[in-house]
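Counting along the sequence shown from 1, when you hit position 82 you're at 82 in the working numbering, and nothing is skipped either side.
Every residue, glycine too, gets a C-beta built ideally from N, C-alpha and C.
These notes concern the structure reproduced below.
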Amino acid sequence: MLSQRVRIVQAARLRENLIRDHGQDGAFPAPGLVRGLDLDLPGRKSEYLHAVAEAALDGHLDGDRLRALNPDDAVRSVQEVKGLGPFAAELVVIRGANAPDMIPHHEHRLDNEIVQQYGPGHTLADVSDAWRPFRTWAAVHLRTLREERTHEISGHTPA
């Protein structure tokens, strides 16, 4: 949600600042703390971050609850939270609920990395069945490879 409608480098900086100013031991601040923060964030991000905190505190984003649903239903459920669109909802289910075998369908950087690793004409749908039952981890690995090569999230210039 922090990365919506801003450059990825700017979103990473917003996240780092929130962790530095309000987190503990390098972790993002807990929902109870976020709910009470008066944040100066671009656009409606503060409103959305408060909505996510409320949803977490209400149990709507509970990992056990989300894992009990089929992945598509879990993503739809997360999208009920104000400010969480398809991309963010998939990340909540994949990362937050620790879904081990789910492929993000709204992750364009992953699509680009598939072409980089497998060649032109290959798509995520073409190659991801071979990764079962750990498609999440294969996707994470490919995104890590991409970041190591491009530094598009960190903003550091590749060597």
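If the criterion is Cβ atoms closer than 9 angstroms, does the pair residue i and residue j meet it?
| i | j | result |
| --- | --- | --- |
| L14 | L37 | no |
| V75 | V52 | no |
| Q4 | G83 | yes |
| D101 | F134 | yes |
| A30 | P71 | no |
| A12 | S128 | no |
| L66 | G96 | yes |
| W131 | A125 | no |
| L69 | E113 | no |
| R149 | R109 | no |
In three-state terms, what does DSSP make of residue i?
| i | result |
| --- | --- |
| Q10 | helix |
| A130 | helix |
| A68 | helix |
| G4 | A quick correction: the sequence has Gln, not Gly, at residue 4. Coil. |
| A55 | helix |
| Q79 | coil |
| A74 | helix |
| A88 | helix |
| A27 | strand |
| L39 | coil |
| N17 | helix |
Spatial neighbours of residue i within its chain, please: CB distance less than 7 angstroms, with the 5 preceding and 5 following residues excluded, ordered by chain position.
| i | result |
| --- | --- |
| H106 | P86, F87 and E90 |
| V115 | H122 |
Can you list, in chain order, the residues of its chain with a C-beta nearer than 6 angstroms to that of residue i? Leave out the 5 residues immediately preceding and following it.
| i | result |
| --- | --- |
| A55 | L61 and V81 |
Please go through the same chain and pick out, in chain order, the residues whose beta-carbon is closer than 8 angstroms to the beta-carbon of residue i, but skip the five residues on each side of it.
| i | result |
| --- | --- |
| G59 | R65 |
| E47 | K82 and G83 |
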